[in-house]
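Notes for the one structure printed next.
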Amino acid sequence: MPAPARLYKTEAIVLRQRRFGEADRMLTIYTPTMGKMDVKARGVRKTTSRMSGHLQPLNRCMLLVAQGHTVDIVTGCETLESFPALNDDLDRLSRALYAAELIDRFIPERAPGYPTYRLLLDTLRRLAEADSPDIVMRFAEMRLLDQSGFMPELEVCVGCGQALSPEQNFFAPQAGGVVCRVCASDVAGPRTLSLNALQVLRLLQRGSYNEVARLRMGEDLAVETERHLRSYIVCVLERDVNAAAFIEKLRREEHRPVVEV
Amino acid sequence: MNETTSATAGPLVRLIDEFHKLPGIGPKSAQRLAYYLLRMPTVDAQALAAAILEVKERVTLCSICMNVTEVDPCRVCSDDRRERTIICVVEEPLDILALERSRSYHGLYHVLHGAISPMDAIGPEDLKMTELLQRLRSDEVREIILATNPNLEGEATAMYLTRLLKPLGVKVTRLARGLPMGGDLEYADDVTLARALEGRQEMQG
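Protein chains in written order, with the working numbering: chain G, 546 to 806; chain U, 9 to 213.
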């Protein structure tokens with residue numbers, strides 16, 4: 546591979562930002578061709594900065610980046626796509642930040658992967674429009690697990706390898722999927738999995754977004770599905786996803802059922 | 009400290025380590041600062057040490073507005089000339105300094121000490137929000153100005169606060185977002201431009 550040019554242009558979605566030095570920010574960006582990377586944006590905390598508005602998290606922008614010694618530096622940028630619908634709605638925004646954090650945690654630095662970039666972009670667009678931001682997130686979670694090689698096994702029991710019978714089974718995150726009633730005692734931390742939730746998970750795994758988007762779930766089923774997926778993600782990442790706590794806080798204040806892992 | 013060898017005196021090593029803990033101070037800067045202090049007149053060094061201790065001992069948070077202060081309640085909260093029906097909510101104590109410099113605001117303040125940042129696990133419970141709600145119960149407040157930063161975290165905080173405050177029947181306003189003085193229209197981002205258009209005002213002829 547030829548050495549990258551000293552000044553290069555790339556499209557990117559800003560995943561997160563943190564303060565750095567006097568008036569700078571360190572940004573974690575996700576690019577379609579170079580994967581996830583940290584770049585420094587100088588002076589963007591000043592009100593007269595020409596770049597700060599463009600570099601807000603969740604914006605898709607075109608960046609001009611100069612190679613630095615340790616970290617590359619943004620020298621110019623322009624918004625390609627922003628999502629005002631996300632910024633004006635706390636429910637959508639909280640899900641979008643959750644999506645950005647998932648990508649940040651799942652994807653190693655500088656590992657190019659266009660499908661995952663596309664997934665993030667599609668997810669942000671869908672979150673801005675969909676009636677239920679939660680369905681969008683369940684679909685995104687399952688796709689991300691698939692693309693990063695952690696697809697849970699939902700067809701056969703991960704214990705005995707037999708096809709699952711249409712009844713209540715158990716979901717065992719540490720074993721990597723669903724276990725049948727008989728094998729449940731042999732695995733760590735099995736959680737009851739209703740037949741309906743199993744079918745929803747299978748649809749999320751195999752269906753297209755359009756099929757999934759038509760899904761109408763009762764609150765109990767939605768909570769169960771989310772709980773299983775979240776417990777699996779926490780198991781894979783070996784840590785909590787911070788943004789999930791905020792989503793639960795919003796739910797609690799609206800007196801809606803909370804998903805506890 | 010791997011760069012400071014055993015040839016350096018123990019107290020000096022400890023001082024370097026302490027400087028190294030400060031934000032933005034790397035190992036080299038820490039060494040330079042420590043050696044500078046070493047050569048400093050004792051009086052100056054004592055003044056610095058005393059200032060550090062005094063800050064820790066005497067500066068507290070105002071029990072009303074949560075700003076840093078040496079008298080409780082702080083000078084703004086106890087000033088009779090200030091309008092008491094209006095509270096301006098800011099993220100950090102430094103934001104109050106900026107607003108005071110503008111000389112255009114004469115109401116009270118409330119400092120949240122941060123902004124909601126879900127990805128960094130900073131939620132509403134980590135900010136001084138309950139204290140703000142408490143003030144609304146007792147005070148004669150009619151308007152809350154949300155002056156959190158116009159970035160993602162600040163906007164999220166403002167939206168969250170609006171949800172909390174609206175049901176209480178208080179008027180909630182947000183600082184206008186638009187083009188900064190000394191800026192260039194052609195470099196403005198879409199969101200800022202859209203907001204600037206929304207908030208346009210008739211010229212006074």
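Even glycine gets a Cβ: it sits at the ideal position worked out from N, Cα and C.
(message) Between which two residues does the alpha helix (DSSP H) holding H28(U) run?
(response) H28(U) -> alpha helix (DSSP H) spans G18 to H28.
(request) Counting only runs of 4+ residues fully inside the stretch 41-69 of chain U, write out the alpha helix (DSSP H) ranges in chain order. (result) DSSP runs (the alpha helix (DSSP H)) wholly in the stretch 41-69 of chain U: 50-66.
(request) Take E646(G) and list the residues in its own chain whose beta-carbon comes closer than 7 Å to its own, dropping the five residues that flank it on each side. (result) Cβ neighbours of E646(G) beyond the five flanking positions: V786, N787 and A788.
(request) Report yes if the CB atom of V616(G) is closer than 8 Å to the CB atom of K581(G), and no otherwise. (result) The beta carbons of V616(G) and K581(G) sit no closer together than 8 Å.
(request) Report buried or exposed for V67(U), applying the criterion of at least 16 other Cβ atoms within 10 angstroms of its Cβ. (result) Around the C-beta of V67(U), fewer than 16 other C-beta atoms lie within 10 Å, and the residue is accordingly described as exposed.
(message) Using a Cβ-Cβ cutoff of less than 8 Å, which residues in the same chain neighbour E764(G) once the five nearest sequence positions on both sides are dropped?
(response) Same-chain partners within the cutoff: R801 and P802.
(request) Report the rounded CA-to-CA distance for R772(G) versus R551(G), giving the unit in angstroms. (result) Going by the C-alpha atoms only, they are around 46 Å apart.
(request) Can you grab the Cα-Cα spacing for the pair T624(G) / Y43(U), in whole Å? (result) Linking T624(G) to Y43(U) through their CA atoms gives a straight-line distance of about 47 Å.
(request) State whether the stretch 688-703 of chain G contacts the stretch 737-756 of chain G, with contact taken as three or more CB pairs (one from each stretch) at a distance under 8 Å. (result) Cβ pair count under 8 Å is three or more, so yes.
(message) Here's the rule: buried if 16 or more other CB atoms are within 10 angstroms of the residue's CB, otherwise exposed. What is C705(G)?
(response) C705(G) should be labelled exposed.
(message) According to DSSP, is K554(G) part of a helix, a strand, or is it coil?
(response) Three-state DSSP puts K554(G) in a strand.
(message) What would DSSP say about D80(U), mapped onto helix, strand or coil?
(response) Coil at D80(U), not helix or strand.
(request) Indicate whether at least one CB of chain G lies closer than 8 Å to the CB of D128(U). (result) Closer than 8 Å: yes.
(request) In the DSSP assignment, find the beta strand (DSSP E) that holds L608(G) and state where it starts and stops. (result) Segment R605 to A611, the beta strand (DSSP E) holding L608(G).
(request) Return the CA-CA distance between L144(U) and C73(U), expressed in angstroms with no decimal places. (result) For L144(U) and C73(U), the distance between alpha carbons rounds to 12 Å.
(message) So the candidates are V703(G), Q707(G) and A742(G); which of them puts its Cα closest to the Cα of S733(G)?
(response) This sequence places Ala at residue 733(G); Ser is not what is there. Measuring from the Cα of A733(G), the nearest candidate turns out to be V703(G).
(message) So, does the stretch 77-84 of chain U touch the stretch 121-140 of chain U, judging by three or more C-beta pairs under 8 Å?
(response) The stretch 77-84 of chain U, when compared against the stretch 121-140 of chain U, does not touch it at the 8 Å Cβ threshold.
(message) If you measure between the beta carbons of L738(G) and I680(G), is that distance less than 8 Å?
(response) Not a contact, by the Cβ cut-off of 8 Å.
(message) Using C-beta distances below 8 Å, list every residue in its chain close to R655(G), excluding the 5 sequence neighbours before and after it, in chain order.
(response) Excluding positions up to five away in sequence, the list reads M579, G580, K581 and M582.
(message) Quick check on DSSP: helix, strand or coil for Y575(G)?
(response) Three-state result, Y575(G): strand.
(request) Tell me whether G598(G) is buried or exposed, calling it buried when 16 or more other Cβ atoms sit within 10 Å of its Cβ. (result) Counting the other CB atoms within 10 Å of its CB gives G598(G) a total of 16 or more, which places it among the buried residues.
(message) I need the DSSP call for Q562(G), collapsed to helix, strand or coil.
(response) Correct three-state label for Q562(G): strand.
(request) Pick out whichever of E556(G), S776(G), E798(G) and T573(G) has its Cα sitting closest to the Cα of M127(U). (result) When only C-alpha atoms are compared, the closest one is T573(G).
(request) Assign A568(G) to one of three DSSP states: helix, strand, or coil. (result) DSSP places A568(G) in coil when its eight states are reduced to three.
(request) Report the option in E210(U), K64(U) and D87(U) whose CA atom is closest to the CA atom of E78(U). (result) Checking every option, the nearest Cα to that of E78(U) belongs to K64(U).
(message) Using a Cβ-Cβ distance cut-off of 8 Å, determine whether D52(U) contacts chain G.
(response) Contact of D52(U) with chain G is not assigned, every C-beta pair being separated by 8 Å or more.
(request) Give the single residue among Q39(U), G34(U) and H28(U) whose Cα lies nearest to the Cα of T16(U). (result) Closest option to T16(U), Cα to Cα, is Q39(U).
(request) Could you tell me the distance, in whole angstroms, from the CA atom of G566(G) to the CA atom of L608(G)? (result) For G566(G) and L608(G), the distance between alpha carbons rounds to 21 Å.
(request) Can you check DSSP and say which residues form a bridge with Y117(U)? (result) According to DSSP, which records beta bridges pairwise, Y117(U) is partnered with C96(U).
(message) With a threshold of 8 Å between beta carbons, is V199(U) in contact with chain G?
(response) Chain G contact via Cβ: present.
(message) Tell me which residues share the same chain as F684(G) and place their Cβ nearer than 7 Å to its Cβ, disregarding the 5 neighbours each side in the sequence.
(response) Around F684(G), the same chain offers L749, Y754 and V757 as residues with beta carbons nearer than 7 Å, after the five sequence neighbours per side are excluded.
(request) Could you round the C-beta distance between P718(G) and Y659(G) to whole angstroms and report it? I think they count as a contact, below 8 Å. (result) About 28 Å separates the beta carbon of P718(G) from that of Y659(G), a gap too long to meet the 8 Å contact definition.
(message) If you measure between the beta carbons of C606(G) and A568(G), is that distance less than 8 Å?
(response) In this structure, C606(G) sits away from A568(G), with a CB-CB distance that is not shorter than 8 Å.
(request) Mind listing the chain U neighbours of E646(G)? Cutoff is C-beta to C-beta under 8 Å, in chain order. (result) Result: P126 and M127.
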